[in-house]
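Numbering (the numbering used here), first residue to last: 36 to 418.
Even for Gly, the Cβ is constructed at its ideal location relative to N, Cα and C.
Given the structure is predicted, the values throughout are model-derived calculations rather than measurements.
I have placed the structure first, in the form of structure tokens, so that the comments after it can refer back to it.
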């Protein structure tokens, strides 16, 4: 066996003069390391950076102190512990039980999906139904005039669509039809649509509020009454908002047990003209009684001011139906001009035609806030 010659001891280099070094760069003359026992780490093996060694190390012949170990970060709680778990201890860590982690992961996923679906539901375009006007066949007529027609007045559809919502006319249904029977009911429309507009048109029949017509021409449209009364009932039962226009206002009153003046000029001789040949060019003032929600809606304006609306009706609310509140009255003769049902989020009737009022017009009441309130209720009740 060959003897191993012990290496000569290399003197340690002098420590650098720190005071002579510039603050930015310190030149360090690297020293040739001496041989050391295997158990003693050399400078190259040490975790201490080279620049740090130049300032803090002892002479190379001495064994350097081991570098301090970095503090161990505290244990972090599992991301699932904040989700809650029936039967699990609050603040339990992820490693406590695998099934607990799985349960909480599923709960977090379900919540995320639910929140996303809720946001999509709130962002979905509203679908508003409008009741149909009915044209009944004329005796002896041919072609379309000899058929039953259901139609939508253009202005009411455009007024509602002006707020970027979808409008659908709701037809009458006939489950006993001989030619095209169907199981679709009006309640199906109430289920799938977000709100209902009852448009104007023919008189409400006195039969619908247990009276006889005092003149033949005031007999109204009993067929349409039955259709719209059922439609109104289904939307109220579904908790969906309803806005009645002109005839629709009168129908809401009748549906809740109220009655009508069959002809304002006959039944209220002191009244002003509420209809004439000017059609929607006939205007009169209205005001909102104390406590009216419309007064609150238009609170930015002078509360004592009278607003101007059009007038195209010869019938009007007489005896107020149950749980209804008067929202507006004619400024001269106190004829009821708007009503609201107190036991629903939004069921309101307007005696005038807001669809004929130009938004921001100089004279007539801008009814856009009323439409926005109706559509807001539709969004809030769509669930």
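Length of the line joining the Cα atoms of residue i and residue j
i	j	result
residue 384	residue 148	39 Å
residue 311	residue 414	38 Å
residue 199	residue 159	11 Å
residue 382	residue 178	39 Å
residue 132	residue 146	21 Å
residue 162	residue 224	10 Å
residue 246	residue 321	29 Å
residue 219	residue 229	18 Å
residue 334	residue 359	22 Å
residue 59	residue 140	Confidence is the limiting factor: at residue 59 the pLDDT is only 43, short of 50, which leaves the residue's position unreliable, though a coordinate-based value still follows. Between residue 59 and residue 140, the C-alpha separation is close to 52 Å.
residue 285	residue 369	16 Å
residue 191	residue 202	10 Å
residue 78	residue 142	With a pLDDT of 36 at residue 78, under the threshold of 50, the modelled position of that residue is not reliable, and the figure given next carries that caveat. C-alpha separation (whole angstroms): 53 Å.
residue 377	residue 214	42 Å
residue 329	residue 165	23 Å
residue 348	residue 300	11 Å
residue 342	residue 233	23 Å
residue 261	residue 138	53 Å
residue 407	residue 134	49 Å
residue 302	residue 249	11 Å
residue 206	residue 187	10 Å
residue 252	residue 392	29 Å
residue 242	residue 325	33 Å
residue 227	residue 263	17 Å
residue 274	residue 222	12 Å
residue 144	residue 269	36 Å
Residue environment, residue i, which counts as buried when at least 16 other CB atoms sit within 10 Å
i	result
residue 174	exposed
residue 372	buried
residue 389	buried
residue 279	buried
residue 400	buried
residue 345	buried
residue 244	buried
residue 402	buried
residue 195	buried
residue 189	exposed
residue 240	buried
residue 350	buried
residue 375	buried
residue 387	buried
residue 297	buried
residue 340	exposed
residue 136	buried
residue 238	buried
residue 74	Below a pLDDT of 50, predicted positions are generally treated as unreliable, and residue 74, at 46, falls in that range; no measurement from the model is reported.
residue 319	buried
residue 89	Bear in mind that a pLDDT of 38 at residue 89, under 50, signals an unreliable position, so the model cannot answer this.
Integer Cβ distance of residue i from residue j, believed to fall under 8 Å
i	j	result
residue 366	residue 288	About 20 Å separates the two Cβ atoms, so there is no contact after all.
residue 291	residue 277	Residue 291 to residue 277, Cβ: 12 Å. No contact.
residue 185	residue 167	4 Å
residue 363	residue 327	7 Å
residue 236	residue 282	5 Å
residue 332	residue 405	7 Å
Check your understanding: Enumerated in chain order, which unbroken segments of the beta strand (DSSP E) with a length of 3 residues or greater are wholly contained in the segment 135 to 221?
Key -> Segments of the beta strand (DSSP E) lying fully in the segment 135 to 221: 162 to 166, 168 to 170, 184 to 186 and 201 to 205.
Review point. At a cut of 8 Å, does the segment 290 to 307 reach the segment 400 to 414 through at least three beta carbon pairs?
Key: Contact between the segment 290 to 307 and the segment 400 to 414 is absent, because fewer than three Cβ pairs lie under 8 Å.
Practice item. Quick one: which unbroken beta strand (DSSP E) runs of 3-plus residues sit fully inside the segment 353 to 395? Chain order, please. Key: DSSP runs (the beta strand (DSSP E)) wholly in the segment 353 to 395: 359 to 365, 371 to 376 and 382 to 385.
Exercise for review: Evaluate the contact criterion for the segment 313 to 333 versus the segment 243 to 258: three or more CB pairs, one atom per stretch, below 8 Å.
Suggested key: When C-beta atoms of the segment 313 to 333 are compared with those of the segment 243 to 258, fewer than three pairs fall below 8 Å, so the two segments do not count as touching.
Practice item. May I have a chain-ordered list of the beta strand (DSSP E) segments no shorter than 3 residues that lie completely inside the segment 239 to 294? Key: Runs found: 277 to 280.
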